[in-house]
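In this note's numbering, the protein residues as written are 573 to 684.
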């Protein structure tokens, strides 16, 4: 019998604001198209966070591998006090100047 592989990752609890690469590229293009954007900081994100572990679960379902074992590997954990618990982009500045907003959801991006 074949044994099911075990996927080992770092912490599954941090939350992240995932933005599909094409949306990110469009954000760069929107910023580059405006002369008054040079030298400023711009955030491009969905404005939503999801835990790394939840993304793993979505990927398992997309791959039709709901029983795939995913474990936290201590060797892949970040050193104490270095993990960022939540990364969330605030894209209001970018939207107000350029009208940019993400168009591809996490679910659609994973499927693509």
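C-beta: ideal position from N, C-alpha, C; glycine also.
1. Spell out the partners DSSP gives residue 658 in its beta bridges.
2. Do three or more CB pairs link the segment 645-654 to the segment 602-614 at distances below 8 Å?
3. By DSSP, does residue 641 sit in helix, in strand, or in coil?
4. Please confirm whether residue 640 and residue 683 have their CB atoms less than 9 Å apart.
5. By the DSSP assignment, the beta strand (DSSP E) with residue 580 in it spans what residues?
6. Within the same chain, show all residues whose beta-carbon is closer than 6 Å to that of residue 599, passing over the 5 residues directly before and after it, in chain order.
7. In the DSSP output, what is residue 622 paired with across the bridge?
The answer reads as follows:
1. 587
2. no
3. strand
4. no
5. 578-581
6. 616 and 672
7. 588
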